[in-house]
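Just so you know, the protein sequences line up as chains A and B, in that order. For the first sequence, full-length UniProt numbering begins at 1 and goes up steadily by one. For the second sequence, full-length UniProt numbering begins at 1 and goes up steadily by one. Read through the structure below, which is laid out as structure tokens, and then see the notes.
Number of protein chains: 2
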Amino acid sequence: MVFWKKLFTANTENVATSEATEFNGEVLKLNGSATTAETEIVFSTDRDIDLYELEELCDLVGWARRPLRKVKKAIQHSFLVVSMWEIKGKRRRLIGFARATSDHAFNATIWDVVVDPRYQNRGLGKAMMKYTIQKLRSADISNITLFADPQVVDFYRRLGFMVDPEGIKGMFWYPD
Amino acid sequence: MVFWKKLFTANTENVATSEATEFNGEVLKLNGSATTAETEIVFSTDRDIDLYELEELCDLVGWARRPLRKVKKAIQHSFLVVSMWEIKGKRRRLIGFARATSDHAFNATIWDVVVDPRYQNRGLGKAMMKYTIQKLRSADISNITLFADPQVVDFYRRLGFMVDPEGIKGMFWYPD
Numbered sequence: 001m002v003f004w005k006k007l008f009t010a011n012t013e014n015v016a017t018s019e020a021t022e023f024n025g026e027v028l029k030l031n032g033s034a035t036t037a038e039t040e041i042v043f044s045t046d047r048d049i050d051l052y053e054l055e056e057l058c059d060l061v062g063w064a065r066r067p068l069r070k071v072k073k074a075i076q077h078s079f080l081v082v083s084m085w086e087i088k089g090k091r092r093r094l095i096g097f098a099r100a101t102s103d104h105a106f107n108a109t110i111w112d113v114v115v116d117p118r119y120q121n122r123g124l125g126k127a128m129m130k131y132t133i134q135k136l137r138s139a140d141i142s143n144i145t146l147f148a149d150p151q152v153v154d155f156y157r158r159l160g161f162m163v164d165p166e167g168i169k170g171m172f173w174y175p176d
Numbered sequence: 001m002v003f004w005k006k007l008f009t010a011n012t013e014n015v016a017t018s019e020a021t022e023f024n025g026e027v028l029k030l031n032g033s034a035t036t037a038e039t040e041i042v043f044s045t046d047r048d049i050d051l052y053e054l055e056e057l058c059d060l061v062g063w064a065r066r067p068l069r070k071v072k073k074a075i076q077h078s079f080l081v082v083s084m085w086e087i088k089g090k091r092r093r094l095i096g097f098a099r100a101t102s103d104h105a106f107n108a109t110i111w112d113v114v115v116d117p118r119y120q121n122r123g124l125g126k127a128m129m130k131y132t133i134q135k136l137r138s139a140d141i142s143n144i145t146l147f148a149d150p151q152v153v154d155f156y157r158r159l160g161f162m163v164d165p166e167g168i169k170g171m172f173w174y175p176d
């Protein structure tokens, strides 16, 4: 967690660079201490994401491939799409992704959270989720939910997510 | 469960009536055996619902009141809105409601399921949920989810919903 703290307490004033303006969406820039002086980690809500690049990211964590036509539709109809990028000079690499469905009023559900394994265990997944939560909260969404695989329950717990509060159970439908 | 079977195995051919055409949405008509010969139970996906009538229904099950402005927004931005009506001659009464958020591609989450307590324990909630599931499935949504209060977990289980499949946990975010 030392890295995490360093990441966010370091100087974040140097926000405007030529790389950042390549994004159409709102961009939160973190200090470049993540890797080297020339490297920056950037979050974006721009949903104009290269689907092949996203598929490559999902391949890295072993997800089953999904039809890109449907992935495109899901991104279009998500309330929030968050991507995380490593920017090195003029190059940028997609290293994280998450999206949320919502009724735009009360509830949001976060889906498809993925971080490039080569960038895991540095607090970046946590940073991306905090960014996601902050975006949902600023849209006045009070109920943020998700369905967590067993191995990431503790990760989400540390972010303030609770399992089965007041006995509420997450349920999935399967045909009889 | 006897009533339920009767409801669905009885003659459902008499579909077109003047009451049904009052709905703009798609309507599934069940046989009038629910109460009397002149009574019919109708499902609709029309989202043009009187918000005061919906509030009255939610009052009946003791839900905390919510700003109608936000309820309106949530209905507008839901992927699917299902209402259940009792139709007696020219009168119709809202007796059930459910809605779902979705990415229009993979996932849907069902929220705000309510049935008028005076109409409960007759299989109508089950019928409304089956209608909801059918609508989501016909839209090619493969993953139907919900968050169930403890007292309705068995109700959803009987409809084919599973709690925590493969250890997946429903989680809710709360501020630190």
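Beta carbons: idealized from backbone N, C-alpha and C, even for Gly.
Problem - Within chain A, partners of Lys70(B) - CB distance below 7 Å - result: Ala105, Phe106
Exercise for the section: Look at the Cβ atom of Ile75(A), then the Cβ atom of Val82(A), and state whether they are nearer than 7 Å. Expected result: No, the pair does not count as a contact, with Cβ atoms beyond the cut-off.
Practice task
Kindly give me the distance between the Cβ atoms of Met171(A) and Val115(B), rounded to whole angstroms, as I take these residues to be in contact under 8 Å.
Solution key: That pair is no contact at about 18 Å.
Handout entry: Gly32(B) burial status per 10 Å Cβ neighbour count (16 or more: buried)
Key = Here the model assigns Gly32(B) a pLDDT of 43, short of 50, so the residue's position is not dependable, and the following value carries that caveat. Result: buried.
Handout entry: Boundaries of the alpha helix (DSSP H) in which Thr132(A) is found, first to last residue
Key = 124 to 138
Handout entry: Sufficient close CB pairs (3 or more, under 8 Å) joining the segment 122 to 131 of chain B to the segment 88 to 102 of chain B
Key = yes
Practice task
Check whether the Cβ atoms of Phe161(A) and Trp173(B) sit closer than 7 Å, and answer yes or no.
Solution key: The answer is yes: Cβ separation under 7 Å.
Exercise for the section: Please classify Leu159(A): does DSSP put it in a helix, a strand, or coil? Expected result: coil
Exercise for the section: Would you grab the beta carbon distance between Leu51(A) and Lys70(A) for me? Rounded to a whole angstrom, and I think it's under 8 Å. Expected result: Rounded, the Cβ-Cβ distance is 10 Å, inconsistent with contact.
Practice task
Determine the contact status of Ile168(B) and Asp149(A), defining contact as a CB-CB distance below 7 Å.
Solution key: Cβ distance < 7 Å, so Ile168(B) and Asp149(A) count as in contact.
Handout entry: Identified DSSP bridge partners for Ser83(B)
Key = Ser44(B), Phe97(B)
Problem - Backbone secondary structure at Ile110(B) - three-state DSSP - result: strand
Exercise for the section: Verify the CB distance criterion: does Gly167(B) have a CB-CB separation below 7 Å to chain A? Expected result: yes
Handout entry: Ala127(B): contacting residues in chain A (beta-carbon distance under 9 Å)
Key = Near Ala127(B) there are no residues of chain A at all, since even the closest Cβ is about 15 Å away, more than 9 Å.
Handout entry: Top-ranked residue by Cα proximity to Arg157(B), from Gln151(A), Leu159(A), Pro175(A)
Key = Pro175(A)
Exercise for the section: Please name the residue, chosen from Ile41(A), Phe147(A), Asp154(A), that lies closest to Lys88(A) on a Cα-to-Cα basis. Expected result: Nearest C-alpha to Lys88(A) among Ile41(A), Phe147(A), Asp154(A): Ile41(A).
Practice task
Can you give me the start and stop residues for the alpha helix (DSSP H) that Lys73(B) sits inside?
Solution key: 68 to 76
Practice task
Pick helix, strand or coil for Arg92(B), following the three-state DSSP scheme.
Solution key: strand
Problem - Under 9 Å (Cβ pairs) to chain B, residues found in the segment 133 to 148 of chain A - result: Ile133, Leu136, Arg137, Asp140, Asn143, Ile144, Thr145, Leu146, Phe147, Ala148
Exercise for the section: State yes or no: is the beta carbon of Thr109(B) nearer than 7 Å to at least one beta carbon in chain A? Expected result: Yes - at least one Cβ of chain A is within 7 Å of the one on Thr109(B).
Handout entry: Residues bridged to Ser102(A) [DSSP beta-bridge criterion]
Key = Per DSSP, Ala108(A).
Handout entry: CA-to-CA distance, Arg137(B) to Thr45(B), given in whole angstroms
Key = Approximately 14 Å, taken between the alpha carbons.
Practice task
Tell me whether the beta-carbon of Ser78(A) lies closer than 7 Å to the beta-carbon of Thr101(A).
Solution key: Judged by beta-carbon spacing, Thr101(A) lies within the 7 Å limit of Ser78(A), meaning their Cβ atoms are closer than that value.
Practice task
Examine chain B for any beta-carbon lying closer than 7 Å to the beta-carbon of Phe43(A), and answer yes or no.
Solution key: no
Handout entry: Close beta carbons around Met84(A), own chain, < 6 Å, minus the five adjacent residues each side
Key = Phe43, Ile95, Gly96, Met128
Problem - Cross-chain neighbours of Lys130(B) in chain A, by beta carbon under 7 Å - result: Within chain A, no residue comes near Lys130(B); the closest Cβ sits about 10 Å away, beyond 7 Å.
Exercise for the section: Please list the partners that Ala64(A) has in chain B, where partner means a Cβ-to-Cβ separation under 7 Å. Expected result: Those within 7 Å of Ala64(A) in chain B number zero; the least Cβ separation is about 12 Å.
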